[in-house]
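For reference, the structure discussed in these notes is given below.
Numbering (our numbering), first residue to last: 746 to 1029.
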C-alpha cells in the first residue's frame, strides 16, 4: 500500500490462485485497526492492483485482500495487512503583493503542495484589516495572480490557500498575509493650448489625493517621450517654454508619482504653435 498523494492510496498484491472470479479489498481506518468497521471494494479476476481515491488527507488506513469465487463459491484467506498514511497538504509560502498600476496588484507565492486542484485568493482593504473575502482562484501549479479590481491609493491585504476537489475535499491553511498600497490614480482630461509661438500650456484633472507630484513628458522626434518637468502635489497646470518653436506640433502626457511609484499616464494631448508674432516670448 503506497500513498500516492493526499487523496489516493495505491494497492498491489500477488495473485496466488488460478480460479478466482475476483478479489475483495477491505479497508479500516487507523494503524492496527481490526476491520470491525470497514469499507469494502471489489475487482475482477486476475486484477492485482487497486487505486483507492476515497481516502482523506492526513489519515492512516489499513488494508487486506482476499480472493473470491462466486461460482463455487469460496473465499481464500486474507493477505497480510498493510497500513498507509496520506500526507498533510502544506499551506502556500512566501506570498508577496506588489502594486503595478492604480487598479492592479500582482501576487506571487510558493506552491508547497503537489496535487492541489488550485488556489483560492482572498483580500481585505485597509491597514490591519481582517474581513477577508475570496476574489478569485487559480488552477493547479499556478502561483501568481493579478488583482485587477483594486482602487487607487488603497491598502490591500491578501492571503492564499491551496484546495483540492476530491471525494475527500480539503483546503490547506492560509499563507502569511501580504499587503501593499495601490498606486495613485492617474491624471485625466489632459489638454494642451498654444499661448503663442513659444509657449504651450497644459492642464489636467488631478484625480489622486496622495501624490507627491506630477511628471510632465513631451514626445520627441523619434516618437519617444522624455520628461521635461515635475510639479508638486495638487498642481494641475504647466507652461512649457523649453525649445518651443513656431508652427510645430507638440504632444504631451502626464502621470502622478508617489515616492518611487508611478501612476499610469494620462491621455495624450497635442497643440500646434502659430507663426511667430512680434512680441512673442517665453516669459511667464
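Backbone N, C-alpha and C fix where the C-beta goes; we use that ideal spot for every residue, glycine too.
Run the CB neighbour count on residue i, radius 10 Å, all protein chains shown included, and call it buried at 16 or more, exposed below.
{"i": "residue 836", "result": "buried"}
{"i": "residue 969", "result": "exposed"}
{"i": "residue 903", "result": "buried"}
{"i": "residue 920", "result": "buried"}
{"i": "residue 878", "result": "exposed"}
{"i": "residue 818", "result": "exposed"}
{"i": "residue 889", "result": "exposed"}
{"i": "residue 760", "result": "exposed"}
{"i": "residue 963", "result": "buried"}
{"i": "residue 776", "result": "exposed"}
{"i": "residue 751", "result": "buried"}
{"i": "residue 933", "result": "exposed"}
{"i": "residue 858", "result": "buried"}
{"i": "residue 883", "result": "buried"}
{"i": "residue 971", "result": "exposed"}
{"i": "residue 800", "result": "buried"}
{"i": "residue 954", "result": "exposed"}
{"i": "residue 1038", "result": "Shown here, the chain extends from 746 to 1029; a query on residue 1038 therefore has no answer."}
{"i": "residue 980", "result": "exposed"}
{"i": "residue 1011", "result": "buried"}
{"i": "residue 782", "result": "exposed"}
{"i": "residue 987", "result": "exposed"}
{"i": "residue 1004", "result": "exposed"}
{"i": "residue 797", "result": "buried"}
{"i": "residue 939", "result": "buried"}
{"i": "residue 950", "result": "exposed"}
Short check: CB of residue i to CB of residue j, under 8 Å?
{"i": "residue 807", "j": "residue 832", "result": "no"}
{"i": "residue 895", "j": "residue 952", "result": "no"}
{"i": "residue 984", "j": "residue 959", "result": "no"}
{"i": "residue 947", "j": "residue 997", "result": "yes"}
{"i": "residue 1001", "j": "residue 1008", "result": "yes"}
{"i": "residue 767", "j": "residue 748", "result": "no"}
{"i": "residue 978", "j": "residue 917", "result": "no"}
{"i": "residue 989", "j": "residue 1017", "result": "no"}
{"i": "residue 900", "j": "residue 856", "result": "no"}
{"i": "residue 892", "j": "residue 943", "result": "no"}
{"i": "residue 925", "j": "residue 839", "result": "no"}
{"i": "residue 769", "j": "residue 787", "result": "yes"}
{"i": "residue 927", "j": "residue 850", "result": "yes"}
{"i": "residue 844", "j": "residue 1006", "result": "yes"}
{"i": "residue 995", "j": "residue 937", "result": "yes"}
{"i": "residue 805", "j": "residue 830", "result": "yes"}
{"i": "residue 814", "j": "residue 915", "result": "no"}
{"i": "residue 755", "j": "residue 794", "result": "yes"}
{"i": "residue 930", "j": "residue 898", "result": "yes"}
{"i": "residue 945", "j": "residue 961", "result": "no"}
{"i": "residue 809", "j": "residue 867", "result": "no"}
{"i": "residue 821", "j": "residue 762", "result": "yes"}
From the DSSP secondary-structure annotation, give me the bridge partner or partners of residue i.
{"i": "residue 750", "result": "753"}
{"i": "residue 964", "result": "970"}
{"i": "residue 929", "result": "Partner(s): none; residue 929 has no beta bridge."}
{"i": "residue 828", "result": "807"}
{"i": "residue 915", "result": "909"}
{"i": "residue 887", "result": "According to DSSP, residue 887 bridges with nothing at all."}
{"i": "residue 870", "result": "901"}
{"i": "residue 994", "result": "1017"}
{"i": "residue 841", "result": "853"}
{"i": "residue 1002", "result": "958 and 1007"}
{"i": "residue 771", "result": "785 and 809"}
{"i": "residue 878", "result": "868"}
{"i": "residue 937", "result": "947"}
{"i": "residue 847", "result": "Per DSSP, none; premise fails for residue 847."}
{"i": "residue 859", "result": "Partner(s): none; residue 859 has no beta bridge."}
{"i": "residue 985", "result": "945"}
{"i": "residue 923", "result": "903"}
{"i": "residue 976", "result": "959"}
Whole beta strand (DSSP E) elements within the stretch 778 to 825, 3-residue minimum: 784 to 789, 794 to 797 and 805 to 814
Count Cβ pairs between the stretch 906 to 914 and the stretch 860 to 871 that sit closer than 8 Å; are there 3 or more? yes
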